[in-house]
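**Student:**
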């Protein structure tokens, strides 16, 4: 009688093992760009002291936001409207309102905005933001407002 050894191969077992694919690399998330200022942020009014048309640091900060918006929106035009409180003559207030609008325009031009995109108008005391004959009302009426349009 002869005895032989019979052995089984492991090759079949290896073929049956499932090959698990390596996890796919996730693409790196690009850093988010800073959010562009909203239209409401860039059109917020700037305010002035009594009988003054100089821009304080708060007003300059507001105009910086508007400038960034205008850079990002190359066809946008913003009309700058100068306003005053009710004190003073109609003629004086129209001239003061124009100086206020021009002050904002000059600042934006210094920042690089094309002057042709910044028409100005003065309404003087004709369009108050707040009715009243006290400092609380007057301080809200001494302002520049900004009206955006995209031609």
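Numbering (the numbering used here), first residue to last: 1 to 151.
C-beta: ideal position from N, C-alpha, C; glycine also.
Values in this document were obtained by computation on a predicted structure and should not be read as measured data.
1. Taking the straight line between their C-alpha atoms, what separation do you get for residue 74 and residue 133?
2. With the cut-off set at 8 angstroms, would you say residue 98 and residue 82 are in Cβ contact?
3. Taking the CB atoms as reference points, tell me whether residue 148 and residue 107 lie closer together than 8 angstroms.
4. Taking only three categories from DSSP, how would you classify residue 53?
5. Is it the case that the Cβ atoms of residue 46 and residue 63 are separated by a distance below 8 angstroms?
6. Between 142, 135, 136 and 112, which has its C-alpha nearest residue 126's C-alpha?
7. Mapping the DSSP letters down to three states, classify residue 143 as helix, strand or coil.
8. With distances taken from CA atoms, which of 49, 66, 79 and 57 is nearest residue 116?
**Tutor:** By the coordinates alone:
1. Counting only the Cα atoms, residue 133 lies some 41 angstroms from residue 74.
2. In contact: residue 98 and residue 82 (Cβ atoms closer than 8 angstroms).
3. Result no, Cβ atoms of residue 148 and residue 107 do not sit closer than 8 angstroms.
4. Of the three classes helix, strand and coil, the one that applies to residue 53 here is coil, per DSSP.
5. In this structure, residue 46 lies near residue 63, with their beta-carbon atoms less than 8 angstroms apart.
6. Nearest option by C-alpha distance: 142.
7. In the structure shown, residue 143 sits in a strand (DSSP, three-state: E or B).
8. It is 79.
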